[in-house]
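Taking it in order: structure first as structure tokens, then the write-up.
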Amino acid sequence: MNSENHNSHNDDNFFIPRFDRNSSVALLVIVAELLALVLAVLNSGLQQFSWEWLGIISFYVQWVVLLSAAALQRLRAFFCRIALAKAAALSYALVLFITAFVSVVGQTLWLHVDFMQSVDSHWRLFQHLLVAAVLFGITWRYFYIQFLLRRQQQARLMAKIDALQARIQPHFLFNSMNSIASLISIDPVAAEQAVEDLCDLFRASLNHSSVLVALEDELALCRGYLRIEGLRMGDRLSVDWQLQQLPIDGLRIPALCLQPLIENAVYHGISPLAEGGCITVRGEQQGDVCCFTITNPIASSSEPWQEGHQMAVENIRSRLRAIYGDRGRLVLQQHSDVFTAVLTLPIAGESLSSGGRDG
């Protein structure tokens, strides 16, 4: 379908606002009463201000606004499924119809006039429709422009995440291929497992269909990477997983945010050490965030901000800003011969997943 003519966004991102929350209804009532006050002042002026006239205008305005909100909320799912222009036109016509209905019923039941025989009633109806058409047209235009801006910003954001995610290419490819080649003749089963792990890594780095992935999938990717490096480093590389305090089931995190940190721990920490070392991966929940702490030994003369290391770190930070804003953080610390990376991610309120592509 043409994205310009058909709405592919979910219910929360549609240009028609939601009216099923108490705060939204309260705001509507307040705005409607302020509008009634303005109309009353314009009609009679401040010196001859009539409270009775304010009550009559409030009656009309409140009924029109609340009935329109109820009808729009009821039909919102339908509007989400049709073309944007058609949805805007139908919702606009719906509000005008409700305005006419309230005007006719109000004049008949409250003012006790014969609508069909009264010329004043016809002019009053025309006046109500004109005011509703202008005010609702301005409001709907504002909501529509805001929706288009949000959609444009989201499109730019998704393109940015795609570009950042596509840059993640494991630099250990050639070492891995050499290790696989050496295993083919002596341990074909291990070689096959290494090929599968390598394919999983590159499939994840080239996959642009998901912004957030299940934590289990990210951990499986990390373990696959470590198995590949284990072929080259043997007993020099060990990993201590401490994830007992983390709610793994159902937790979703940005794709490829842990694996590059573990890769840096191996490449910049363990690999240069003749005796090797142990990488500790600890995860825990702290209120509404989860924290991953990756610790590894380093050579005392090691520079933490090597070019490759810095590129991966800035890449992760850029994606965290794009997905979570200021709520996602990556902090690096070096104390003597120990290097630590602390990744903090919100558990609830994922800002992009509701409208993103990880469905």
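If you're matching positions, the sequence shown starts at 827 in the numbering used here and goes up one per residue. Here a beta-carbon is modelled for each residue, glycine too, at the ideal position from N, C-alpha and C. None of these values were measured; they are calculated from a predicted model.
What are the boundary residues of the beta strand (DSSP E) that Asp1043 is part of?
Where Asp1043 is concerned, there is no enclosing beta strand (DSSP E), although the alpha helix (DSSP H) it sits in stretches over 1041-1059.
Cβ atoms of Phe923 and Ala913: under 9 Å apart, would you say?
no
Output needed for Leu955: all residues of its chain with C-beta closer than 7 Å, excluding positions within five of it in sequence on either side, in chain order.
Leu922, Thr925, Ala926
Taking C-alpha atoms, which residue in Ala1148, Thr1119, Cys1025 lies nearest to Leu1087?
Thr1119
So, using beta-carbon positions, are Ala808 and Pro1098 closer together than 9 Å?
This structure cannot settle anything about residue 808, because the visible part of the chain is limited to 827 through 1185.
Pick from Trp889, Asp1043, Ser894, Leu1077: whose alpha carbon is nearest that of Ile1173?
Leu1077
Closest by C-alpha distance to Val1168, when choosing among Val1115, Ser1162, Arg1029, Gln978:
Val1115
Which whole runs of the alpha helix (DSSP H) in the segment 862-922 are 4 residues long or more, in chain order?
877-900, 902-907
Using alpha carbons as the reference points, say which of Gly1154, Leu1146, Asn1122 lies closest to His1161.
Asn1122
Delimiting residues of the beta strand (DSSP E) encompassing Glu1110
1103-1112
For Val960, the nearest candidate out of Ala919, Val930, Gln979 (CA to CA)
Ala919
Residue range of the unbroken alpha helix (DSSP H) whose run includes Leu1082:
Neither: Leu1082 is in no alpha helix (DSSP H) and is coded neither H nor E.
Examine the Cβ distances between the segment 1092-1107 and the segment 1059-1079 and report whether three or more of them are shorter than 8 Å.
yes
If I measure Cβ to Cβ from Trp949 and keep anything under 7 Å in the same chain, skipping five residues before and after, which residues do I get?
none
In terms of alpha-carbon separation, which member of Leu1038, Leu1047, Pro1014, Val1015 lies closest to Leu1024?
Leu1047
Helix, strand or coil for Ser1064? Go by DSSP, reduced to three states.
strand
In terms of alpha-carbon separation, which member of Ala858, Arg967, Ser894 lies closest to Val887?
Ala858
How is Arg1078 classed by DSSP in three states: helix, strand or coil?
strand
If you count every other CB in all the chains shown that lies within 10 Å of the CB of Phe1165, and 16 or more means buried, which is it?
buried
Alpha carbons only, please: which of Ile971, Phe885, Gly881 is nearest the one belonging to Ser929?
Phe885
Please go through the same chain and pick out, in chain order, the residues whose beta-carbon is closer than 7 Å to the beta-carbon of Leu863, but skip the five residues on each side of it.
Leu880
Enumerate in chain order the residues of its own chain whose CB-to-CB distance from Arg1029 is below 6 Å, with the five nearest sequence positions on each side excluded.
none
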